[in-house]
Amino acid sequence: MSTTEVLHHHHKHCDELFADAEAAALKGDWEVGGEGFARFRGELLAHFSTEEEVLFPAFEAATGMSGGPTQMMRFEHSQMRELLEQMQAALEQRGRDAFAGAAETLLVLMQQHNMKEENILYPMCNRTVADTVDVAAGLRERLERV
Amino acid sequence: MHPNMSFEQAPPVWVPYRFFLTAPLFGIVAGLLLAWAGPAALTSRWTPEALALTHLLVAGFMLQAMCGALLQFVPVAAGANIWRPGLVAGLVHPMLAVGVSLLAAGFLAGPGPWLAAGAGLIVTALSGYVIVVGVALLRAPVKGATIVALRVALLALVVTYGFGFTLVQGLRGSVGVPLVEMTNVHAAWGLGGWSLLLLSGVSYYVVPMFQLTPAYPAWLGRMLPWGLLAVLLLWASRLLTGLAEGWLSWILLAGMALAGGFAVVTLRLQAKRRRRVPDVTLTFFRGGMVSLLAVVVAVVAAIAVPPAPTFSEAPAWAVTIGILLFVGLFISVITGMLYKIVPFLNWLHLQRLGGLTIMPPNMKEMIPERGMVGQMRLHFVSLAALLLAVAWPPLTVVAGLLFAASCVWLEWNLLSAVRVYVDFRDRILAADACHAPG
């Protein structure tokens, strides 16, 4: 198993959590949608912080590239955090359209972000930091706090 | 602009938008031309009106949208830089638009200077385009089914316009070419090569992404480009060897099996999608795939059902197949994708312009949902009317007007997204001006 494979799998897991929360909220089942969203949000944020605190620093130290792909990924994480806040606010106000719009935007942003990580950044990380970090342990530790 | 943020290879928003906003205009012209020409236009694929209509749809609507989308898609999906996309779009877009207009006018007016000028402009524009996009695709650091499909698609585009240009010279009598045979080869490379492979390459990327479906199976990505290329080469060999009709039917059936396989796999993946909320893009995609399956059925019927012994001698089938491919498959899928791409590009560009302090409207606030759903219904009604008009010609005028109306509505929807973009951009710029020092 490669260094980043666990993150790859976790992307798919987050996709599923997203789909369930979105479907429930759009059906007007705010109870289930709210619980599902809280879980999705927690796991996605744990994913981001694992990358930002464990994987990216190791990559940056190994390659000396701190202004390149990892900076872009951090920026997209901040965009997605903002959209999570919009979804949270819509959920609290039970605003279906606002929730649906923020969810759609987050989904497309998240998918193309994941694609860039899986196709470009993760392979680079696997080549450069393979033995220096334990990404799986970092993610596990953060998920336990969710 | 957000500090220290490179724009990450994505071209300026006007690069794809100028193509996207032009494409439906050719659809409007095509619909009006059909209404004006009336029932005679669809009696065969060889009438001047049918040839003009075909090129307004494939080189006007489809090619415009595809060229614009690829300039956006290649940097994002392949991680490959396009050389000066603003300049390329600024040259290719107007040349292509004028070239296709002249070509269509030339078909209506007869093989004169307009036809030659149109073909010349299109070939010049596309040659430049193919070099720029081709270099980017060859240098792409990303590997995978999408890149392979796009590379073979681009090759097929070159073959398509090469034959197209030769056919125009043949029509004008400057070279002797077997017009019917070569037209069949030209059409096959354009539709089964360039268009279908481009669609497949983009689908591998966007279908799982928009609907959270499982990934396309690896065997399809390996088989489709090389299988279609082999079929197209065999299909083209008729020009050199004079293949018997029986062989041609088998080659055509092999191509249909590949195309049908792609449609079936796509529909199955979408049936297994994890995201189960109503979605216009999904419905457009499914309509497109059902149309492709209908083409497969129609081609098999044209070959197998008496009294039509061969495909090329079945004019009614040919017109039906054309409508299903242009309007049913490609324009449906392109429209569905525009309804996702344009709102997302709006959001992305505005978000980067405003940084994290001014959040832009979300994707669903870019084009009104009701407008997209209404336009989609009208599009499919016009498709049904066009198909019925082949069997019952008095319906032709209405079908043409319906199709023109659906393209007007599409243009309106895209323009409303542009309006949101411009309004919000001006607000960001005004806010920046207020905060600027001094």
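Quick mapping for you: the protein sequence lines, in order, are chains G and H. Numbering (the working numbering) for the first sequence: 19 to 164. Numbering (the working numbering) for the second sequence: 1094 to 1531. Backbone N, C-alpha and C define an ideal beta-carbon position, used for all residues, glycine too.
A residue is called buried once 16 or more other Cβ atoms fall within 10 Å of its Cβ, and Glu-23 (chain G), having fewer, is exposed. Note on geometry: alpha-carbon atoms of Gly-119 (chain G) and Ile-1460 (chain H) lie some 11 Å from one another. Note that the segment 1163-1174 of chain H does not touch the segment 1140-1149 of chain H; fewer than 3 beta-carbon pairs, one per stretch, sit closer than 8 Å.
Under the rule that a run must span 4 or more residues, the alpha helix (DSSP H) segments found entirely inside the segment 1410-1474 of chain H read 1425-1447. Taking C-beta separations shorter than 8 Å and ignoring five residues to either side along the sequence, the partners of Ile-1416 (chain H) in its chain run Leu-1476, Leu-1479, Leu-1480, Val-1483, following chain order. Straight-line spacing of the CA atoms in Thr-88 (chain G) and Val-1466 (chain H) works out to 39 Å.
The residues Gly-1263, in chain order, have a CB closer than 8 Å to that of Gly-1269 (chain H) in the same chain once the five nearest residues on each side in sequence are set aside. Remark: C-beta atoms of Val-1393 (chain H) and Met-1456 (chain H) do not approach each other more closely than 8 Å. In terms of CA proximity to Ala-1323 (chain H), H:Leu-1351 leads the group H:Gln-1304, H:Phe-1303, H:Leu-1351. Interface with chain H (8 Å Cβ-Cβ cutoff): Thr-146 (chain G) is excluded.
Between the alpha carbons of Val-1357 (chain H) and Gly-1447 (chain H) lies a distance of about 43 Å. Annotation: Val-72 (chain G) is outside any alpha helix (DSSP H) and is labelled neither H nor E by DSSP. For Ala-1364 (chain H), the closest C-alpha among the options H:Ala-1329, H:Ala-1308, H:Leu-1346 is that of H:Ala-1308.
For the pair Glu-94 (chain G) and His-131 (chain G), the CB atoms are nearer than the 8 Å cut-off.
Within the same chain, Cβ atoms closer than 8 Å to the Cβ of Asn-144 (chain G) are found at Ser-20, Thr-21, Thr-22, the five residues on either side in sequence being excluded. Shown here, Asn-1174 (chain H) sits in coil according to DSSP, grouped into three states, outside any helix or strand.
Chain order gives the chain H residues near Asp-115 (chain G) as Lys-1457, where near means a beta carbon separation below 8 Å. At a C-beta separation below 9 Å, Gly-1172 (chain H) has these neighbours in chain G: Lys-134, Asn-137, Ile-138.
For Val-1412 (chain H), the nearest beta carbon of chain G is not closer than 8 Å to its own beta carbon. Here the C-alpha atom of Ser-1220 (chain H) lies approximately 17 Å from the C-alpha atom of Gly-1179 (chain H). Residues of the same chain with a CB within less than 7 Å of the CB of Thr-1376 (chain H), apart from the 5 flanking positions on each side, are Met-1469 in chain order. Taking the Cα positions, Met-1316 (chain H) is about 37 Å away from Phe-1200 (chain H).
In the assembly as shown, Lys-45 (chain G) is an exposed residue. Its beta-carbon has fewer than 16 other beta-carbons within 10 Å. Taking C-beta separations shorter than 6 Å and ignoring five residues to either side along the sequence, the partners of Ala-1128 (chain H) in its chain run Val-1490, Gly-1493, Leu-1494, following chain order.
Going by DSSP, Asp-149 (chain G) is part of no alpha helix (DSSP H) at all; its letter is neither H nor E. Ser-1288 (chain H) places its beta carbon less than 8 Å from that of Phe-1423 (chain H). Residue contact with chain H for Val-126 (chain G): present (Cβ-Cβ distance below 8 Å to some residue of chain H).
In the three-state reduction of the DSSP assignment, Ser-1194 (chain H) falls in the helix class. Within chain H, no residue has its beta carbon less than 7 Å from that of Leu-62 (chain G); the closest one is some 14 Å off. A distance below 7 Å between beta-carbons, with the five flanking residues on each side excluded, links Ser-67 (chain G) to the following residues of its chain, in chain order: Arg-160. The alpha-carbon separation between Leu-1149 (chain H) and Glu-78 (chain G) amounts to approximately 51 Å.
For Pro-1234 (chain H), there is no enclosing alpha helix (DSSP H), since its DSSP letter is neither H nor E. For Ala-1308 (chain H), the secondary structure class from DSSP, reduced to helix, strand or coil, is coil. When the beta-carbon positions are compared, Gly-1172 (chain H) and Ile-138 (chain G) come within less than 8 Å of each other. Classified as buried, Trp-1282 (chain H) has 16 or more neighbouring CB atoms from the shown chains inside 10 Å of its CB. Residue burial is scored here from C-beta neighbours: Leu-1146 (chain H) has at least 16 other C-beta atoms within 10 angstroms and is therefore classed as buried.
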